Amino acid sequence: MASLKNNTQVDVVEEQYCMRFPAASNRGIWFGENPLDDTHPLMLAQIILVVVTSQLLYFLLRPLGQTKFICNLLSGIILGSSALGGTKGFKDRLFAAKVIPLFDSMATVGAIYALFLATLKFDALRFKRTSKKDTVKIGLALDDLNLMTSELGQFAMSSALLNDVIYWIEIIFYFILARARAGYGIQSFMSLLGLILFTFYVIRPTIMWIINNIPQGQEAKEVHVVAIQLGVLVLAFISDALGLAMDTGPILLGVAIPGGPPLGAAIVHKTEYLISQLLMPIFFYRIGYRLN
């Protein structure tokens, strides 16, 4: 009941609706059901198509000197809205909108780990010696060409880092300015500063202690590698919770960990293949999907 000013009363009827969420899986083709009508089979079919397309392009274009980076990008464009993904039957059946959030999440995780690995492989000490500059994006291309640890690769990395530093400073000030307009500029700046200090004065000493306690000639323990892999996601979560770019924490963590054996090499060896061969094609597919 609700009372009005003229003392009349009206009945307020509340209606409830039942919503049917998309089924995660189905009973199978023997029951006359189409696997592509449900979320999980559709997502698996998309992953298979994206990875196979990327690998096929790499097989065809590698003799022409094209890198995996280029093939992933071309795969995303071909399957994206500008080509096959823009056709009605293909889009409605195989690239339905209901799995886009799942793909976005997988693509985000892939990008986070790719940036972490790229910064982990970069030799910061050589950057200090050469006093040159570089970017993480160039690092991905150099890594694809297996030049990251070479003299040429390190020189190229060093030659662009100033660009990246300036870019990140601009992004940082953009975030701070945006928060300042909303009254949270100081909080955002202090959050970034606190994250940097925590990474280099708490996490890095802990990692150095772990490295120093690994016997000479032995590999890092699996528990240490898994802890770092999980730490990438934890720092990404913290960065996002603080209102910073989600990849800020993973990039700082990659810089804080010394590259090479025993720990850095073990992390790369046990993380890189899954990221580069599975998650990165999905990441580039999401980029191509948005191109039109």
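Position 230 of the sequence shown, counted from 1, bears residue number 230 in full-length UniProt numbering, the numbering being contiguous throughout. Ideal Cβ positions, reconstructed from N, Cα and C, are used throughout, including at glycine. This one's a predicted model, so the numbers in the text were calculated from it and none came from an experiment.
Check: For E219, which of helix, strand or coil comes out of DSSP?
Finding: Coil, per DSSP.
Next item on the list: Kindly confirm or deny that the region 73–86 and the region 236–247 touch, where touching means at least three C-beta pairs closer than 8 angstroms.
Entry: By the criterion of at least three beta-carbon pairs nearer than 8 angstroms, the region 73–86 is not in contact with the region 236–247.
Note to self: Using a 10 Å radius around the Cβ and a threshold of 16 neighbouring Cβ atoms, would you call Y201 buried or exposed?
What the structure shows: Exposed: under 16 other Cβ atoms inside 10 Å.
Next item on the list: Look at L44 and L36 and say whether their C-beta atoms are less than 7 angstroms apart.
Entry: No, Cβ-Cβ distance for L44 and L36 is not below 7 angstroms.
Notebook entry, point to check: Is the Cβ-Cβ distance between G249 and L235 less than 7 angstroms?
Noted result: Judged by their CB atoms, G249 and L235 are nearer to each other than the 7 angstroms cut-off.
Item checked: Neighbourhood of S276 by C-beta distance below 6 angstroms, restricted to the same chain and skipping five residues each side -> The beta carbon of S276 sits closer than 6 angstroms to no other beta carbon from its chain once the five residues preceding and following it are set aside.
Next item on the list: Whole angstroms is fine: what's the gap from residue 309's alpha carbon to V268's?
Entry: Outside the displayed range of the chain (1 to 292) lies residue 309, so it cannot be described from this structure.
Margin query: Please state the DSSP three-state secondary structure of P261.
Written below: Of the three classes helix, strand and coil, the one that applies to P261 here is coil, per DSSP.
Notebook entry, point to check: What first and last residue would you give for the alpha helix (DSSP H) that runs through G254?
Noted result: That run of the alpha helix (DSSP H) goes 248–256.
Next item on the list: Could you give the DSSP three-state label for S82: helix, strand or coil?
Entry: The answer is coil: DSSP assigns S82 none of H, G, I, E or B.
Item checked: 8 angstroms contact criterion, which T199 and L252 should meet: CB distance rounded -> Taking C-beta atoms under 8 angstroms as the contact rule, T199 and L252 qualify, at a distance of about 4 angstroms.
Margin query: Under DSSP, the alpha helix (DSSP H) around T39 begins and ends at which residues?
Written below: Where T39 is concerned, the enclosing alpha helix (DSSP H) stretches over 39–61.
Checklist line | Buried or exposed by the 16-neighbour rule on C-beta atoms within 10 Å, applied to G194 | finding: Residue environment: G194 is assigned as exposed (fewer than 16 neighbouring CB atoms within 10 Å of its CB, all protein chains considered).
Next item on the list: For L60, count neighbouring C-beta atoms within 10 Å of its own C-beta (all shown protein chains included) and say buried if the count is 16 or more, exposed if not.
Entry: Exposed.
Notebook entry, point to check: Roughly how many angstroms separate the alpha carbons of L120 and W30, rounded to a whole number?
Noted result: Near 50 angstroms, if we compare the C-alpha coordinates of W30 and L120.
Margin query: For P262 and L197, I'd like the C-alpha separation in whole angstroms.
Written below: When rounded, the separation of the alpha-carbon atoms in P262 and L197 is 25 angstroms.
Next item on the list: For L291, I'd like the list of residues in its chain whose CB is within less than 7 angstroms of its CB, leaving aside the five on either flank, ordered along the chain.
Entry: Cβ neighbours of L291 beyond the five flanking positions: I77, G80, S81, S82.
Check: Where does I214 sit, in a helix, a strand or coil, going by DSSP?
Finding: Reduced to three states, the DSSP call for I214 is coil.
Notebook entry, point to check: If you run the structure through DSSP and keep just helix, strand and coil, what is G65?
Noted result: Note: G65 maps to coil in three-state DSSP.
Check: Which class does A227 belong to by DSSP, given the choice of helix, strand or coil?
Finding: Judged by DSSP in its simplified three-state form, A227 adopts helix.
Notebook entry, point to check: Where A114 and G231 are concerned, what is the direct C-alpha to C-alpha distance, given to the nearest angstrom?
Noted result: Approximately 14 angstroms, taken between the alpha carbons.
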